[in-house]
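*Asks:*
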Amino acid sequence: MYHEITLTINGEGYTLAVQSHHTLLKVLREQLGITSPKMGCGNGECGACTILMNGLAVNSCQVLAPEADGATIETVEGLSKDGKLHPLQQAFIDHNAVQCGFCTPGMLMSARALLDRTPHPTEDEIRYALVGNLCRCTGYTRIVEAIQDVAGQSDS
Amino acid sequence: MNLEFTLNGASVSLPDIPEDMLLVDLLRSTLGLTGTKRGCETGTCGVCSVLVEGKLTKSCRTPVARVAGRTVTTIEGIHAPDGGLSDLQQAFLECGAVQCGYCTPGMIVAAEALLRANLNPTRDEIRRAISPNLCRCTGYQQIVDAVELTAKRRMGESANQRISEFQNPQSTIHNLKYVGNPKLQNVDGPDKVSGRIKYVGDMRVAGMLHAKVLRSPLPHARIVKLDAGPALAVPGVKAVITHADFVDHGNFGWPVKDNYVLAYGKVRYVGDAIAAVAAETEAAAQAGIDAIVLDLDPLPVVSDMTHALDPDAPIIPDKPSTLTAGGFGEGNLCDRHIVRNGDPAPILEACPVVLDEVYTFPHQEHAYLETEGVLAIPEPDGGVTLYANNQSPFINRDTSAAVLGLPADLVRVILPPVGGAFGGKDDTVYQTTAQAAKLALVAGKPVRLVLSRAESMAASYKRQASQIRLILGAEADGALQAAKAEMLMDSGAYASMTPLASWRATMHAAGAYRYRAVHVDTTSVYTNNGFSGAFRGFGNVQAAAAVEMAIDELAYRLGRDPLDFRLQNCLREGDRTMTGDPIDHEVGLTACLERVREASEWDRKRAAYAQQPADTVRRKGLGVACYFHGSGLGGEGHDFAVSTLAVDPDDGITLTSGLTDYGQGSRTVFSLLAAEILGVDMQRIRMLRPDTHTAVDSGPTVASRASIVGGNAVRVAAEKLLQQLTFAAADALHCTPEQLVRAGENFVGPDEEPLTFEAVTAHARAMGLPLSVEGKWEIRPIHWDFEKGTGEPYLCYVFGALVAEVEVTMRTGKIAVAGLWAAHDAGRILYPAGALGQLYGGVVQGLGYGLTEHFRYENGIPQTLELNTYRIPRATDAPDIDATYIQTTLREGPFGAKNLAEPVMVGAAPAIANAVFQATGQRVRSLPVSLKPVPSSH
Ligand code: FES
Ligand code: FES
Ligand code: FES
Ligand code: FES
Chain B
1 MYHEITLTIN GEGYTLAVQS HHTLLKVLRE QLGITSPKMG CGNGECGACT ILMNGLAVNS
61 CQVLAPEADG ATIETVEGLS KDGKLHPLQQ AFIDHNAVQC GFCTPGMLMS ARALLDRTPH
121 PTEDEIRYAL VGNLCRCTGY TRIVEAIQDV AGQSDS
Chain S
1001 MNLEFTLNGA SVSLPDIPED MLLVDLLRST LGLTGTKRGC ETGTCGVCSV LVEGKLTKSC
1061 RTPVARVAGR TVTTIEGIHA PDGGLSDLQQ AFLECGAVQC GYCTPGMIVA AEALLRANLN
1121 PTRDEIRRAI SPNLCRCTGY QQIVDAVELT AKRRMGESAN QRISEFQNPQ STIHNLKYVG
1181 NPKLQNVDGP DKVSGRIKYV GDMRVAGMLH AKVLRSPLPH ARIVKLDAGP ALAVPGVKAV
1241 ITHADFVDHG NFGWPVKDNY VLAYGKVRYV GDAIAAVAAE TEAAAQAGID AIVLDLDPLP
1301 VVSDMTHALD PDAPIIPDKP STLTAGGFGE GNLCDRHIVR NGDPAPILEA CPVVLDEVYT
1361 FPHQEHAYLE TEGVLAIPEP DGGVTLYANN QSPFINRDTS AAVLGLPADL VRVILPPVGG
1421 AFGGKDDTVY QTTAQAAKLA LVAGKPVRLV LSRAESMAAS YKRQASQIRL ILGAEADGAL
1481 QAAKAEMLMD SGAYASMTPL ASWRATMHAA GAYRYRAVHV DTTSVYTNNG FSGAFRGFGN
1541 VQAAAAVEMA IDELAYRLGR DPLDFRLQNC LREGDRTMTG DPIDHEVGLT ACLERVREAS
1601 EWDRKRAAYA QQPADTVRRK GLGVACYFHG SGLGGEGHDF AVSTLAVDPD DGITLTSGLT
1661 DYGQGSRTVF SLLAAEILGV DMQRIRMLRP DTHTAVDSGP TVASRASIVG GNAVRVAAEK
1721 LLQQLTFAAA DALHCTPEQL VRAGENFVGP DEEPLTFEAV TAHARAMGLP LSVEGKWEIR
1781 PIHWDFEKGT GEPYLCYVFG ALVAEVEVTM RTGKIAVAGL WAAHDAGRIL YPAGALGQLY
1841 GGVVQGLGYG LTEHFRYENG IPQTLELNTY RIPRATDAPD IDATYIQTTL REGPFGAKNL
1901 AEPVMVGAAP AIANAVFQAT GQRVRSLPVS LKPVPSSH
């Protein structure tokens, strides 16, 4: 069965016919070609599919598309503005926080949600904010440093 | 509506389907069953064929409401019980009935419908049954073979493929497993007969946008106002582009840089692209196009090429053609070429018989069943990946990179399977590619742009309409003495390949005969007709048609049999061609003429038809034509190719070539050459599709050059690899390389201990030998002096002859072709089923050129923009063709092969025209043949 839903994605309005059993992740990736949210497990375990929905970091693989009707969605595609990287993206690069890069979009969105909520988190708070995001490459240290760096910048 | 029906044996139930949706769209877009194709908008081509309740049905003409509750079978539902290929699909492969494959699913569906109703059809019944479906490649004959073979087998006869018709005196080369093997099948065949293969229009990626192009409705106009902005206000529109979005306004073109990706300043023909829009749906894209504000100020039009150089003709190009800078003219002059071989004037003056006539030829449309298409995917690095159905991916890449202002490595062109090209998928596809690429980069989303049939017919380039004056002189005994030719060719709005095609026409203007002196003067001009460019035969189609009609008339004036007259004067080894070029290789022309004379029963029939009573209602006639055709690019450019071979870890062998396969079978030819030289099973060879990121630039795939140049590059690579393998085998077997012999794939040493291919590669790896090689081959330098009109234009020549039999209904002027006998000398034949397919297909394209194909412009306005008004031959328009390859050997060719894809097309039209003369006494000097109906006397 199809539902008509409206979404605001990275500032742009969409009206879409979506199937009841399709997840928001599937709609973003396969219907709209927005592929930064990744499919890592489909079970809410890995966080590779993390996006912001009404400002909250959520696993888009755990949201049915019709449930998202009316929501405001943000993905990594909306982070950089006018060809300029978002400070978090730049910090991830500067700190070598990216290896294979598969977890990176989810990490960025979780970090974004954290900083929106808590502009000056402690290291523990940062690590806690990332519990839902697995990374198999970096050992997390560099990711935490990158986020600390951005938090520090906004400090000064 | 809620649609329920049975599809390929399974019941489907689909909610919310609009009742007026077409079945083809439901199948392709909603259900992703892309084996059913789209080829036209008028229900003319049949590539969309499916079975509804077992009945052959065009799904593009069937609203879905009509199949509610019924059974539908598509190509995806046709297979053997175990899911493999059905007997019919298998027979298509065995008979070589598949070339580009675009018509194939529809053909198989049509044939299946016939065989379910009639298990013992005649060949005529088969032709009638498949006649709703067009094929532009095969000439239908091998398709008929395949259906007949399947019918026989289903009746329990143990039938074999009809390849026996192929005269194959190849037994002289021993020990060859693949070269010349009549059982060889097209390497892409299984994916094509099953409908699984994906052409550009079958590909879709998530978030893909659809593009449409705004095209000029006028043949010549200044663009006074172009405001694309309003398109962006249309819901769903994501990008709109004009010339201003490209570097240097998108100016491109070679050898003359006179074209634009999107028109700049003015439009020069109906169909000239002006702006392009990408949107979420096709309808939104069209609405975007409609919203663009365009104001055109009409300019005077020149459509008749004979007036293009008049002093008061409106000037079409922005600046004079760069080719004509050397003291030649300006204005609408595109290019000039000459041949200066001796001085024919005094010789002609002394000739007792001189013919001086003018011949005219129409524009011809390629009419590949798959229209131009591109899928452009923007990449995160700012580059773009392009699936484009073109012939020359490297030129496409370089053109796109230049107009997009990107370095070449950020533009990647990947060649999908191509649904026919025949020379027609270069410039127009470059434009389409650059448009789609820019839209994708602007929108940041994938964009697919596939032209509609009418759009393709209007926008794409054509074969040059031409006017040729020939003066031929002969002695009373029939010996040809001298020739003069004046050619005028219509390049249309842009130059494209006309400068090169008109050069080739010039090199062939006096035909395959011996002369004491020849002068040719060729002029090509700009007009406001659609532009002209490359098309199979490339200038020689017009040249050969003119000279073969003229030679026929000259023979008649001398009271000579036209075939004898040709035999007396035609080229033999050691002769000089009309340009003065000595031929130092074997010439099979007399053998070709003798062969068609015998096969067609020329002498008996010519005599009989000469005796037909004056009031015969259906009059018969026999006509002949012969031809030569220079091989390769010749003086047209740098002629080389590169190929790579690498043994993979699993001992498969990956082969690349920069030359493409658009249905003509070069993937099969390259694979078999590699397997033959390496002495391995052909299954091991994995030929990659050209991809500018992995293959090595090999120049354009044109001019039938794939076999000689591309084939030799494969040969060089294979020989290098074999050297490594032999070295490793000798080391492992403790002998010298010379002591090794091969037994199948095995290497055998003096102790008769066989070493498998796997053991040899393992040993080679252990020795650290590289099992990856590159082969390059280049034609030895040849030189043509364009200023003086002298030199050596080509490496070698191919030859052929063709006899046509026609039956003319005098009252109506209707011409039926009752028989065709073709013999062609293409050197050694590498891939027989493919070579035959090229010949049948080429001859039938020539038949269309002779009888029905006339792309008409009236004051620059195209009159035939659909397949129902531009008529290409159907299965019932062509007879079975008796085809022979006369096999000679070319020293430089791989295994002695020459080329064949193009020249096979040139003989048919003039042979038919000459046959019409015998039948009716009406001399034909313009194509397509159109007869004055003779009112019946009763
Ligand atoms: S894919 Fe959503 S949490 Fe793993
Ligand atoms: S960088 Fe590889 S999973 Fe995190
Ligand atoms: S697409 Fe249906 S007949 Fe051409
Ligand atoms: S094989 Fe039939 S159209 Fe190409």
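So the protein lines, in turn, are chains B and S. When we follow our numbering, the leftmost residue of the first sequence carries the number 1, and every step to the right adds one. When we follow our numbering, the leftmost residue of the second sequence carries the number 1001, and every step to the right adds one. Glycine residues also receive a C-beta, built at the ideal position from the N, C-alpha and C atoms. These numbers come from a predicted model, not from an experiment.
1. So, S/Thr1498 versus S/Ser1460, is the Cβ gap smaller than 7 Å?
2. Any contact of the region 1549 to 1568 of chain S with the region 1445 to 1454 of chain S, i.e. 3+ C-beta pairs under 8 Å?
3. In three-state DSSP terms, what is S/Ile1612?
4. Is B/Cys135 near ligand 2 - that is, is its Cβ less than 6 Å away from at least one heavy atom of it?
5. Measuring alpha carbon to alpha carbon, tell me which residue in S/Asp1202, S/Ser1131, S/Thr1074 and S/Val1193 is nearest S/Ser1029.
6. Kindly list, in the order they appear in chain B, the residues whose Cβ is closer than 8 Å to that of S/Ala1206.
7. Run through the region 11 to 80 of chain B for me and flag every whole beta strand (DSSP E) of 3 or more residues, listed as ranges in chain order.
8. Can you tell me whether S/Leu1847 sits near ligand 4, meaning its C-beta is under 6 Å from at least one heavy atom of the ligand?
9. Do the CB positions of S/Leu1867 and S/Cys1040 come within less than 7 Å of each other?
10. Which bits of chain S does B/Tyr2 rub up against, with CB to CB less than 8 Å?
11. Flag S/Lys1445 as yes if its beta-carbon sits less than 7 Å from any beta-carbon of chain B, otherwise no.
12. May I ask you to check if the CB of S/Lys1055 is nearer than 6 Å to at least one heavy atom of ligand 3?
13. Just to confirm, are S/Gly1789 and S/Gly1896 a CB contact at a threshold of 7 Å?
14. So is the beta-carbon of B/Thr138 under 6 Å away from any non-hydrogen atom of ligand 2?
15. Using 6 Å as the cut-off, classify the Cβ of S/Cys1135 as near or not near the heavy atoms of ligand 3, replying yes or no.
16. Output the residues surrounding ligand 3, defined as those with a CB atom closer than 6 Å to any ligand heavy atom, in chain order.
17. Tell me whether the region 1857 to 1874 of chain S and the region 1033 to 1047 of chain S touch, counting them as touching only if at least three CB pairs, one residue from each stretch, are closer than 8 Å.
18. Looking at ligand 2, does it come within less than 6 Å of B/Cys41, judged from the CB to the closest heavy atom?
19. Hey, B/Gly106 and B/Ala48: beta-carbon distance below 7 Å or not?
20. Decide if B/Glu45 is buried, meaning its Cβ has at least 16 other Cβ atoms within 10 Å, or exposed.
21. Ignore the nearest five residues each way along the sequence and tell me which others in B/Leu24's own chain have a CB closer than 6 Å to its CB.
22. Are S/Thr1428 and S/Asn1396 closer than 7 Å when you measure CB to CB?
23. Taking Cβ to Cβ, would you say S/Val1714 is nearer than 7 Å to S/Phe1670?
24. Can B/Ala57 be considered in contact with ligand 1, in the sense that its beta carbon sits closer than 6 Å to one or more heavy atoms?
25. Near S/Lys1198, what residues of its chain come up, given a Cβ to Cβ distance below 8 Å and the 5 sequence neighbours on each side ignored?
26. Terminal residues of the continuous alpha helix (DSSP H) containing S/Val1193?
27. Please confirm whether S/Gln1464 and S/Thr1360 have their CB atoms less than 7 Å apart.
28. Taking B/Asn54 as the reference, give the member of B/Ala146, B/Leu7 and B/Thr104 with the closest Cα.
29. Since S/Thr1506 and S/His1337 should fall inside the 8 Å C-beta cutoff, what is the C-beta to C-beta distance between them, to a whole number of angstroms?
30. Leaving out five residues before and five after S/Ala1967 in sequence, what residues of the same chain have Cβ atoms less than 7 Å from its Cβ?
31. What residues are listed by DSSP as bridge partners for S/Phe1252?
32. Closest to S/Ser1707 by C-alpha separation, out of S/Asp1785, S/Ala1835, S/Gly1907 and S/Thr1242, would be which residue?
33. Is any non-hydrogen atom of ligand 2 found closer than 6 Å to the C-beta of B/Phe102, if you look at the structure I gave you?
34. Examine chain D for any beta-carbon lying closer than 7 Å to the beta-carbon of S/Tyr1870, and answer yes or no.
35. As a quick exercise: from S/Pro1300, S/Arg1268 and S/Val1518, pick the residue whose alpha carbon is nearest that of S/Pro1346.
36. Mark S/Gly1848 as exposed unless 16 or more other C-beta atoms lie within 10 angstroms of its C-beta, in which case mark it buried.
*Replies:* Here's the rundown:
1. Counted from its first residue, the second sequence places residue 1498 of chain S at position 498. Counted from its first residue, the second sequence places residue 1460 of chain S at position 460. Cβ distance not < 7 Å, so S/Thr1498 and S/Ser1460 don't count as in contact.
2. Segments in contact, no.
3. One-based indexing of the second sequence puts residue 1612 of chain S at position 612. A small correction: the amino acid at residue 1612 of chain S is Gln; Ile does not occupy that position in the sequence shown. Reduced to three states, the DSSP call for S/Gln1612 is coil.
4. As a working mapping, residue 135 of chain B is identified with position 135 in the first sequence. Checking every heavy atom of ligand 2 against the Cβ of B/Cys135, one is found closer than 6 Å.
5. Taking the second sequence and counting its residues from 1, the one referred to as residue 1029 of chain S is at position 29. Of the listed residues, the one whose Cα sits closest to S/Ser1029 is S/Asp1202.
6. In the second sequence, the residue the question calls residue 1206 of chain S occupies position 206. Correct list: Arg29, Glu30, Gln31, Leu32, Gly33 and Thr35.
7. Runs found: 12 to 19, 50 to 53, 56 to 59 and 72 to 74.
8. Here residue 1847 of chain S refers to the residue found at position 847 when the second sequence is read from its first residue. S/Leu1847: no, Cβ never under 6 Å from ligand 4.
9. Position 867 of the second sequence, counted from the first residue, corresponds to residue 1867 of chain S. Position 40 of the second sequence, counted from the first residue, corresponds to residue 1040 of chain S. Yes, Cβ-Cβ distance for S/Leu1867 and S/Cys1040 is below 7 Å.
10. The residue you call residue 2 of chain B lines up with position 2 of the first sequence. Going along chain S in sequence order, the residues near B/Tyr2 (Cβ under 8 Å) are Pro1015 and Asp1016.
11. Here the question's residue 1445 of chain S lines up with position 445 in the second sequence. By this cut-off, S/Lys1445 is an interface position.
12. As a position in the second sequence, residue 1055 of chain S is number 55, starting the count at 1. S/Lys1055 Cβ: outside cutoff for every heavy atom of ligand 3.
13. Taking the second sequence and counting its residues from 1, one reaches residue 1789 of chain S at position 789. Taking the second sequence and counting its residues from 1, one reaches residue 1896 of chain S at position 896. It is not a contact, given that the beta carbons lie outside the stated cut-off.
14. The residue given as residue 138 of chain B occupies position 138 in the first sequence. Correct: B/Thr138 has its Cβ closer than 6 Å to ligand 2.
15. Taking the second sequence and counting its residues from 1, one reaches residue 1135 of chain S at position 135. Not so, every heavy atom of ligand 3 lies at least 6 Å from the Cβ.
16. Contact residues of ligand 3 (beta-carbon closer than 6 Å to any heavy atom; chain order) are S/Arg1038, S/Gly1039, S/Cys1040, S/Gly1043, S/Thr1044, S/Cys1045, S/Gly1046, S/Val1047, S/Cys1048, S/Lys1058 and S/Cys1060.
17. Output reads yes: the region 1033 to 1047 of chain S touches the region 1857 to 1874 of chain S.
18. Walking along the first sequence from the start, residue 41 of chain B turns up at place 41. Incorrect: B/Cys41 has no Cβ contact closer than 6 Å to ligand 2.
19. Mapped onto the first sequence, residue 106 of chain B falls at position 106. Mapped onto the first sequence, residue 48 of chain B falls at position 48. Yes, Cβ-Cβ distance for B/Gly106 and B/Ala48 is below 7 Å.
20. Here residue 45 of chain B is taken as the residue at index 45 of the first sequence, counted from 1. Burial state of B/Glu45 is exposed, judged by a 10 Å Cβ sphere holding fewer than 16 other Cβ atoms.
21. Position 24 of the first sequence, counted from the start, is the residue given in the question as residue 24 of chain B. If you ignore the 5 residues before and after B/Leu24, its C-beta comes within less than 6 Å of the C-beta of Ser60, Val63, Ala65 and Ala68, all in its own chain and listed in chain order.
22. Locating residue 1428 of chain S in the second sequence gives position 428, counting from the first residue. Locating residue 1396 of chain S in the second sequence gives position 396, counting from the first residue. Here S/Thr1428 is not near S/Asn1396, since their CB atoms are 7 Å or more apart.
23. Mapped onto the second sequence, residue 1714 of chain S falls at position 714. Mapped onto the second sequence, residue 1670 of chain S falls at position 670. Yes, Cβ-Cβ distance for S/Val1714 and S/Phe1670 is below 7 Å.
24. As a first step, residue 57 of chain B must be located in the first sequence, where it is residue number 57. No, since every heavy atom of ligand 1 falls outside the 6 Å radius drawn around the Cβ of B/Ala57.
25. As a first step, residue 1198 of chain S must be located in the second sequence, where it is residue number 198. The answer, listed in chain order, is Thr1034, Pro1416 and Pro1417.
26. For the purposes of this step, residue 1193 of chain S is taken as residue 193 along the second sequence, with counting starting at 1. That run of the alpha helix (DSSP H) goes Gly1189 to Val1193.
27. Counting from 1 along the second sequence, the entry for residue 1464 of chain S is found at position 464. Counting from 1 along the second sequence, the entry for residue 1360 of chain S is found at position 360. Not in contact: S/Gln1464 and S/Thr1360 (Cβ atoms no closer than 7 Å).
28. The residue labelled residue 54 of chain B in the question sits at position 54 within the first sequence. Checking every option, the nearest Cα to that of B/Asn54 belongs to B/Leu7.
29. By 1-based counting over the second sequence, the position of residue 1506 of chain S is 506. By 1-based counting over the second sequence, the position of residue 1337 of chain S is 337. The Cβ separation is near 4 Å, so the contact holds.
30. Residue 1967 of chain S cannot be examined here, being either before or after the span of chain S that is shown, 1001 to 1938.
31. On the second sequence, residue 1252 of chain S is found 252 positions in, with the first residue counted as 1. Bridge partners of S/Phe1252: S/Asn1259.
32. Your numbering for residue 1707 of chain S matches position 707 in the second sequence. Of the candidates S/Asp1785, S/Ala1835, S/Gly1907 and S/Thr1242, the one whose C-alpha sits nearest the C-alpha of S/Ser1707 is S/Ala1835.
33. For this step, residue 102 of chain B is matched to residue 102 along the first sequence. Remark: the shortest separation between the CB of B/Phe102 and any heavy atom of ligand 2 falls under 6 Å.
34. In summary, chain D is missing from the structure at hand, where the protein chains are B and S.
35. As a first step, residue 1346 of chain S must be located in the second sequence, where it is residue number 346. When each option's Cα is compared against that of S/Pro1346, the closest is S/Val1518.
36. On the second sequence, residue 1848 of chain S is found 848 positions in, with the first residue counted as 1. Burial call: buried.
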